[in-house]
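Colleague: Protein sequences, first through last, are from chains G and Z.
Residues in the first sequence are numbered consecutively from 1, following my numbering.
Residues in the second sequence are numbered consecutively from 371, following my numbering.
From the three backbone atoms N, C-alpha and C, an ideal C-beta is built for every residue, glycine too.
Mind looking over this structure? Questions follow.
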Amino acid sequence: MNAGIIWASFKADLQSFYRSKATLFWTLLFPILLILMFGAIFSGVGDAEYELVVVDYDDSDMSVMFTEILNDTDIIKTNVKVIEEENILSYIKNNDIKRLIVIPDDFEQSLNTFYFDENVTTSIKFYFDQSEQQTNSIIRSVISAVVIELNKNISGGKDIILIDDIETISGEFEFIDFFLPGMIGFTIMQTCIYGSLERNTKFRKDGILRKLLTTPITRTEWILSKMLFQLFLSFVSAFLIIVIGIFLFGLNIHISLLMFILIIATSFLFTGMGMVIGRFVKDEESAGMAGGAVTFPMMFLAGTFFPLEQMPEFLQTIAKVLPLYYVNEGFRNAMIYLKTDDAIFHSVIVLIFAIIFFLTGLILTKWKED
Amino acid sequence: MFEEIPTIESILPLKIYNSFYIPSNIKRDIFMMERTVKCPNCGNTITTSGSYGEVVKVICPYCSTKGKVTFGYPISSDESAIEVSNLRKEYGDLVAVNNISFKVKKGEVFAFLGPNGAGKTTTVEMIESIRVPTAGAVKILGNDISSSFDQVKERIGVLPQEFHSFERLTVRETLEFFQKMFKNRASINEIIANLDLKDQENKLYMNLSGGLKQRVGVAISLVNNPEIVFLDEPSTGLDPKARREVWEVIAGLRNKGKTVFLTTHYMEEAEYLADHVAIIHKGNIIAEGSVEELIRKFGEGSILDIKNCKTEDAIDALKQSGFNAKQEDNGDIEVYIEHKERVLEILSILRHEAIDYDAIDIRRSNLEEVFLHLTGAKLSEEDE
Ligand SMILES: Nc1ncnc2c1ncn2[C@@H]1O[C@H](COP(=O)(O)OP(=O)(O)OP(=O)(O)O)[C@@H](O)[C@H]1O
Ligand SMILES: [Mg+2]
Chain G
1 MNAGIIWASF KADLQSFYRS KATLFWTLLF PILLILMFGA IFSGVGDAEY ELVVVDYDDS
61 DMSVMFTEIL NDTDIIKTNV KVIEEENILS YIKNNDIKRL IVIPDDFEQS LNTFYFDENV
121 TTSIKFYFDQ SEQQTNSIIR SVISAVVIEL NKNISGGKDI ILIDDIETIS GEFEFIDFFL
181 PGMIGFTIMQ TCIYGSLERN TKFRKDGILR KLLTTPITRT EWILSKMLFQ LFLSFVSAFL
241 IIVIGIFLFG LNIHISLLMF ILIIATSFLF TGMGMVIGRF VKDEESAGMA GGAVTFPMMF
301 LAGTFFPLEQ MPEFLQTIAK VLPLYYVNEG FRNAMIYLKT DDAIFHSVIV LIFAIIFFLT
361 GLILTKWKED
Chain Z
371 MFEEIPTIES ILPLKIYNSF YIPSNIKRDI FMMERTVKCP NCGNTITTSG SYGEVVKVIC
431 PYCSTKGKVT FGYPISSDES AIEVSNLRKE YGDLVAVNNI SFKVKKGEVF AFLGPNGAGK
491 TTTVEMIESI RVPTAGAVKI LGNDISSSFD QVKERIGVLP QEFHSFERLT VRETLEFFQK
551 MFKNRASINE IIANLDLKDQ ENKLYMNLSG GLKQRVGVAI SLVNNPEIVF LDEPSTGLDP
611 KARREVWEVI AGLRNKGKTV FLTTHYMEEA EYLADHVAII HKGNIIAEGS VEELIRKFGE
671 GSILDIKNCK TEDAIDALKQ SGFNAKQEDN GDIEVYIEHK ERVLEILSIL RHEAIDYDAI
731 DIRRSNLEEV FLHLTGAKLS EEDE
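Spelled out as structure tokens, the structure:
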């Protein structure tokens, strides 16, 4: 193994990459444009008022007044529900509730007894979905403003009413939460398959592979240098997409070891797939078509753009044999939904696919001519 | 000291970078320290002397044209650079290479001449260890390639057929990329200077003309300062000017003492460049030797070309007098003559029969005729 040779080969890829406007566009810009486009189309437009579910166990004059004050802020739209205390969490989960307050049954009584007992307090519970941090921090500040005002009027500033924050995960996310991890998988798939196809068809046709066979570079050094470059590209595009997600869409993206493992496994998986396809096509043109024939349906069927549940059942079954499905789900669970068990499960499947495809690719690739 | 050039000779009118060229029949006498060269301007011959590897400036005494003559290295010994024995390749039922054997001497330009599909690439790529032979053995510089090709890699340079390098690397970057593969490293600056690529060194490969790309291809094959250079049809698909520039580069390699294994289907290329020619046809070597030897052995003496002959029954008249004559597609008539004296006979027939023509040309038969004689087929279509 010669690091100098590997570096020379990596560098050549890098130079070719940044000099090709088309490649730059398709690998870096196109996914971002897609995200911006889809993000704009599907974002819930202009939610000026945010719904707040109110569960009022007190049902007193004071608690009703408190709810009305919140409603009068024009930011919060209260929606009073009657729910058993032990069912609140499941209610939030099942109905995709982003935020909810519970007014305790001692609310009015506490406010009234203040005149006799200065140490009395009462706690409003504020349930909020942590995936909606931005809006919820607004709601939270509105509620606390109202509470502070009430405390001031009643006690002259002593905290009678307290707010108890409780984080929840509602289970439903915005479309962009769903879409963005899928774009990472999609982009890695594209760059790896097409990169691998180029090396196995164009480089073969152009005699570059034959030429390399007569130089001291080994097959391992060549593959390693190309793999390193693909990994580099995968990380660059994942990084760009994540940055867009965080700063433009305010997503709460969790960066974990699992995510790194997925990026690496996905790169090997689709590079291997490119090698397999490359074995069965003769020239660049048919390579491009074969590449499209594989990536295009996979992109739609594997739930990159629409959740699988929205598709007919037989298509859902098909999706479950597609590697990209597990890549997408893995990224979503690892980065956004934080379902670690599922994420590990999907990553393991991606790893298995990666091993199968990469090894098959290595075995099928003709190094020498017939 | 002047040396006489026979009058009926196939002398190619080459004029490249104003270098004086050595007619093919003379330059083969490589131990000679004096060379007779032909002025590219007026065509007169000049004799000049020099030592091996030297580039001598000459001024034509007749027309004062300035130029240079390169003195090539002699083929130092009978040592073999490449030894091929009983090499065979089958593709299914097709026998592409049929148990061929030959040797390439160190320092010579060995031309593997044959038409499309003859088995040239198959053979050369088996020697380069790119394709696996069905049977047979190859030794390069004494090493059996089936066991020790890795040692050989540092000592050979290869230009595959229809090679096309990385599109978005500059010429210099391309050479550096391939150079990094090797432990033996030639000076890139020197290669660029020798191959006249200075103006192109920072251009992207994709923006070069076909001829320049091939020149870069040859340059790539030199980055490890190889002892043997393999060039598979280096000038195919190029226009005549670019082709001759590539020839000049190859002649330069020979002058530097490198062994060159050249495949081609252009007989002019073999005639101009080769010390030794092997003619391959349908996987068999049908003739082998120096250009002179091949023409002496298999050629048809000389050929008289009657240009643009307008008389209908000219061929009949010639045939009646016992000449082997035939009409070419372009209207010319070719007559084969074994002895130079018969030229006069033909001229008198032409005058006697009042045959109308533009001009007469006499040339020695060339490898094209050798090939035709051996196979009954044409070597190549007129030009591609
Ligand atoms: N990989 C292959 N599989 C099957 N047949 C092949 C293969 N490569 C070459 N051939 C056949 O073997 C014969 C020799 O081919 P080869 O490429 O060696 O000829 P060539 O002399 O180099 O021709 P050209 O001038 O066209 O390059 C041809 O008939 C060709 O069709
Ligand atoms: Mg060939």
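With the cut-off set at 8 Å, would you say Phe-229 of chain G and Phe-10 of chain G are in Cβ contact?
Modeller: By one-based count along the first sequence, residue 229 of chain G stands at place 229. By one-based count along the first sequence, residue 10 of chain G stands at place 10. Yes, the Cβ-Cβ distance between Phe-229 of chain G and Phe-10 of chain G is below 8 Å.
Colleague: Could you list the residues in the region 3–21 of chain G with a C-beta less than 7 Å from some C-beta on chain Z, going in chain order?
Modeller: Here the close residues are Gly-4, Ile-5, Ala-8, Ala-12, Gln-15, Ser-16, Arg-19, Ser-20.
Colleague: Report yes or no: is there a C-beta of chain G within less than 8 Å of the C-beta of His-534 of chain Z?
Modeller: Taking the first residue of the second sequence as position 1, residue 534 of chain Z is located at position 164. So, interface residue.
Colleague: Quick check: is the beta carbon of Ile-500 of chain Z nearer than 8 Å to any beta carbon in chain G?
Modeller: Numbered from 1 along the second sequence, position 130 holds the residue referred to as residue 500 of chain Z. Answer yes: the Cβ-Cβ gap between Ile-500 of chain Z and chain G drops below 8 Å somewhere.
Colleague: Looking at the secondary structure, which residues open and close the beta strand (DSSP E) in which Ser-123 of chain G lies?
Modeller: Against the first sequence, residue 123 of chain G aligns to sequence position 123. Ser-123 of chain G -> beta strand (DSSP E) spans 122–129.
Colleague: Does DSSP classify Lys-11 of chain G as helix, strand or coil?
Modeller: Within the first sequence, numbered from 1, the residue matching residue 11 of chain G stands at position 11. Lys-11 of chain G: helix per DSSP, three-state reduction.
Colleague: In chain order, which continuous runs of the alpha helix (DSSP H) of length 4 or greater are located wholly inside the region 321–357 of chain G?
Modeller: Qualifying alpha helix (DSSP H) stretches, in chain order: 323–332.
Colleague: Grouping DSSP H, G and I as helix and E and B as strand, with all else coil, what is His-743 of chain Z?
Modeller: Taking the first residue of the second sequence as position 1, residue 743 of chain Z is located at position 373. Reduced to three states, the DSSP call for His-743 of chain Z is helix.
Colleague: Using a 10 Å radius around the Cβ and a threshold of 16 neighbouring Cβ atoms, would you call Ile-562 of chain Z buried or exposed?
Modeller: Locating residue 562 of chain Z in the second sequence gives position 192, counting from the first residue. By the neighbour-count rule (16 or more Cβ atoms within 10 Å), Ile-562 of chain Z is buried.
Colleague: Lys-523 of chain Z CB to nearest chain G CB: under 8 Å?
Modeller: Counted from its first residue, the second sequence places residue 523 of chain Z at position 153. Judged by the 8 Å Cβ criterion, Lys-523 of chain Z is in contact with chain G.
Colleague: Should Glu-738 of chain Z be listed as close to ligand 1, given that the test is whether its C-beta is under 7 Å from any heavy atom?
Modeller: If you number the second sequence from 1, residue 738 of chain Z lands on position 368. No, the Cβ of Glu-738 of chain Z stays beyond 7 Å of every heavy atom of ligand 1.
Colleague: Going by the CB atoms, is the gap between Phe-547 of chain Z and Tyr-575 of chain Z shorter than 8 Å?
Modeller: The residue labelled residue 575 of chain Z in the question sits at position 205 within the second sequence. The residue labelled residue 547 of chain Z in the question sits at position 177 within the second sequence. Cβ atoms of Tyr-575 of chain Z and Phe-547 of chain Z: not closer than 8 Å.
Colleague: Go ahead and pull the three-state DSSP assignment for Gly-182 of chain G.
Modeller: Numbered from its first residue, the first sequence carries residue 182 of chain G at position 182. Note: Gly-182 of chain G maps to helix in three-state DSSP.
Colleague: Looking at the structure shown, is Ser-450 of chain Z part of a helix, part of a strand, or coil, going by DSSP?
Modeller: On the second sequence, position 80 is the one that residue 450 of chain Z refers to. In the structure shown, Ser-450 of chain Z sits in a strand (DSSP, three-state: E or B).
Colleague: Please find out if some non-hydrogen atom of ligand 1 comes closer than 7 Å to the beta-carbon of Glu-603 of chain Z.
Modeller: Within the second sequence, residue 603 of chain Z is the residue found at index 233, counting from 1. Because some heavy atom of ligand 1 lies under 7 Å away, the Cβ of Glu-603 of chain Z counts as near it: yes.
Colleague: Check whether the region 146–158 of chain G touches the region 229–247 of chain G, taking contact to mean three or more Cβ pairs, one atom from each stretch, closer than 8 Å.
Modeller: Touching, no.
Colleague: Using a Cβ-Cβ cutoff of less than 6 Å, which residues in the same chain neighbour Lys-397 of chain Z once the five nearest sequence positions on both sides are dropped?
Modeller: As a working mapping, residue 397 of chain Z is identified with position 27 in the second sequence. At Lys-397 of chain Z, the pLDDT of 44 sits below 50, so the modelled position is not reliable; the number obtained from the coordinates is stated separately. Same-chain partners within the cutoff: there are none.
Colleague: Mind pulling the chain G residues with CB within less than 7 Å of Lys-550 of chain Z?
Modeller: Taking the second sequence and counting its residues from 1, the one referred to as residue 550 of chain Z is at position 180. Correct list: Gly-4, Ile-5, Ala-8.
Colleague: Using a Cβ-Cβ distance under 8 Å, would Glu-369 of chain G count as near chain Z?
Modeller: For the purposes of this step, residue 369 of chain G is taken as residue 369 along the first sequence, with counting starting at 1. Interface residue, yes.
Colleague: Does at least one heavy atom of ligand 2 sit under 7 Å from the Cβ of Thr-340 of chain G?
Modeller: As a first step, residue 340 of chain G is located in the first sequence; it is residue number 340 there, counting from the start. Not so, every heavy atom of ligand 2 lies at least 7 Å from the Cβ.
Colleague: Leu-539 of chain Z versus chain G: which residues are under 8 Å apart at the beta carbon?
Modeller: As a working mapping, residue 539 of chain Z is identified with position 169 in the second sequence. Simply Ala-12, Gln-15, Ser-16.
Colleague: Just to confirm the assignment, what range does the alpha helix (DSSP H) spanning Lys-473 of chain Z have?
Modeller: Along the second sequence, read from residue 1 onward, the residue named residue 473 of chain Z stands at position 103. That residue, Lys-473 of chain Z, is in no alpha helix (DSSP H); its beta strand (DSSP E) goes 464–475.
Colleague: Less than 7 Å separating the Cβ of Lys-748 of chain Z from some heavy atom of ligand 1?
Modeller: The residue labelled residue 748 of chain Z in the question sits at position 378 within the second sequence. No, the beta carbon of Lys-748 of chain Z sits no closer than 7 Å to any heavy atom of ligand 1.
Colleague: Counting only C-beta atoms, is Ile-217 of chain G closer than 8 Å to chain Z at any point?
Modeller: Taking the first residue of the first sequence as 1, we reach residue 217 of chain G at position 217. With 8 Å as the cut-off, Ile-217 of chain G counts as an interface residue toward chain Z.
Colleague: Spatial neighbours of Gly-692 of chain Z within its chain, please: C-beta separation below 6 Å, excluding the five flanking residues on both sides.
Modeller: Within the second sequence, residue 692 of chain Z is the residue found at index 322, counting from 1. So no residue of the chain qualifies.
Colleague: Is Ala-466 of chain Z near ligand 1, in the sense that its beta carbon is under 7 Å from a heavy atom of that ligand?
Modeller: Here residue 466 of chain Z refers to the residue found at position 96 of the second sequence. Within the cutoff, so yes.
Colleague: According to DSSP, simplified to helix, strand and coil, what is Tyr-57 of chain G?
Modeller: Residue numbering aside, residue 57 of chain G sits at position 57 when the first sequence is read from its first letter. Residue state, collapsed to three classes: coil.
Colleague: Verify the CB distance criterion: does Pro-530 of chain Z have a CB-CB separation below 8 Å to chain G?
Modeller: Numbered from 1 along the second sequence, position 160 holds the residue referred to as residue 530 of chain Z. Closer than 8 Å: yes.
Colleague: Sort out for me which residues DSSP pairs Val-426 of chain Z with in a bridge.
Modeller: Position 56 of the second sequence holds residue 426 of chain Z. Beta-bridge pairing links Val-426 of chain Z to Z:Val-439.
Colleague: Alpha carbon to alpha carbon, how far is Gly-484 of chain Z from Glu-460 of chain Z? Give it in angstroms, no decimals.
Modeller: Translated into the one-based positions of the second sequence, residue 460 of chain Z becomes position 90. Translated into the one-based positions of the second sequence, residue 484 of chain Z becomes position 114. Distance between the alpha carbons of Glu-460 of chain Z and Gly-484 of chain Z: 18 Å.
Colleague: Please determine whether the Cβ atom of Thr-491 of chain Z lies at a distance below 7 Å from any heavy atom of ligand 2.
Modeller: Here the question's residue 491 of chain Z lines up with position 121 in the second sequence. Flag set: Cβ of Thr-491 of chain Z near ligand 2.
Colleague: Given Asn-595 of chain Z, which residues of its chain have a CB within under 8 Å of its CB, disregarding the five upstream and five downstream residues?
Modeller: The sequence position of residue 595 of chain Z within the second sequence is 225, counting from 1. Only Asn-554, Arg-555, Ala-556 meet the Cβ criterion.
Colleague: Measure the C-alpha to C-alpha separation of Met-298 of chain G and Met-189 of chain G and round it to an integer number of angstroms.
Modeller: Walking along the first sequence from the start, residue 298 of chain G turns up at place 298. Walking along the first sequence from the start, residue 189 of chain G turns up at place 189. Roughly 10 Å separates the two Cα atoms.
Colleague: Three-state secondary structure (DSSP) at Asn-542 of chain Z?
Modeller: Sequence index remark: in the second sequence, residue 542 of chain Z carries index 172 (1-based). Position check: residue 542 of chain Z holds Arg in this sequence, whereas Asn was assumed. Arg-542 of chain Z falls in the helix class under three-state DSSP.
Colleague: Got a sec, what are the start and stop residues for the alpha helix (DSSP H) His-722 of chain Z sits in?
Modeller: Position 352 of the second sequence, counted from the first residue, corresponds to residue 722 of chain Z. Segment 712–722, the alpha helix (DSSP H) holding His-722 of chain Z.
Colleague: Mind checking which residues open and close the beta strand (DSSP E) that includes Asn-594 of chain Z?
Modeller: Numbered from 1 along the second sequence, position 224 holds the residue referred to as residue 594 of chain Z. Unbroken run through Asn-594 of chain Z: none, as it is neither H nor E.
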